[in-house]
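Student: The number in the working numbering is simply the position in the sequence shown, starting from 1, with 254 added.
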Amino acid sequence: MKDGWKDKLEKLKVFFKSSLEPAQSARVVAYDEIDAFLLLCFSDALGIPNPYSYYMSELLPYIAEDLPAWENRMVSDRLEGLQHLASDKLEQHTL
255 MKDGWKDKLE KLKVFFKSSL EPAQSARVVA YDEIDAFLLL CFSDALGIPN PYSYYMSELL
315 PYIAEDLPAW ENRMVSDRLE GLQHLASDKL EQHTL
């Protein structure tokens, strides 16, 4: 009898967990789109020249509160991309 309840409880957990997955994937897609938009608008904050930065500065008051979190995400993504170099190749080339 207990095995039946455990099985039903496990199926119920899987059901509710799977119902939350689309919301999580939609959140990830939204963050990716926001990151791409902010990269196009404020790429000069990361050192990438943007000829339209003067015009994009008009958007700054509307998105100023999102910029620090965006910069942290961009820097962490950059560090994740370079992490494989630090573990493999840079250790071999020490002085």
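Heads up, the beta-carbon is just placed ideally off N, CA and C, and yes, glycines get one too.
With a cut-off of 8 Å on the beta carbons, I'd call F296 and M310 a contact; round off their distance for me.
Tutor: Start at 1 with the first residue of the sequence shown, and residue 296 comes out as number 42. Start at 1 with the first residue of the sequence shown, and residue 310 comes out as number 56. At roughly 6 Å, the Cβ-Cβ gap stays under 8 Å, so F296 and M310 are in contact.
Student: Taking only three categories from DSSP, how would you classify G301?
Tutor: Here residue 301 refers to the residue found at position 47 of the sequence shown. Correct three-state label for G301: coil.
Student: Once DSSP output is grouped into helix, strand and coil, what is the label at Y306?
Tutor: Counted from its first residue, the sequence shown places residue 306 at position 52. It is coil, neither helix nor strand.
Student: Would you kindly work out how many angstroms separate the C-alpha atoms of S286 and F269, rounded to a whole number?
Tutor: One-based indexing of the sequence shown puts residue 286 at position 32. One-based indexing of the sequence shown puts residue 269 at position 15. Going by the sequence as given, residue 286 is Asp instead of Ser. Taking the straight line from one Cα to the other gives about 27 Å.
Student: Contact defined as beta carbons within less than 8 Å: I believe E325 pairs with A299. What is the distance between those atoms, to the nearest angstrom?
Tutor: As a working note, residue 325 is residue 71 in the sequence shown. As a working note, residue 299 is residue 45 in the sequence shown. Right, the Cβ-Cβ distance comes to about 6 Å (below 8 Å), so this counts as a contact.
Student: Given I288, which residues of its chain have a CB within under 7 Å of its CB, disregarding the five upstream and five downstream residues?
Tutor: Here residue 288 refers to the residue found at position 34 when the sequence shown is read from its first residue. Cβ neighbours of I288 beyond the five flanking positions: none.
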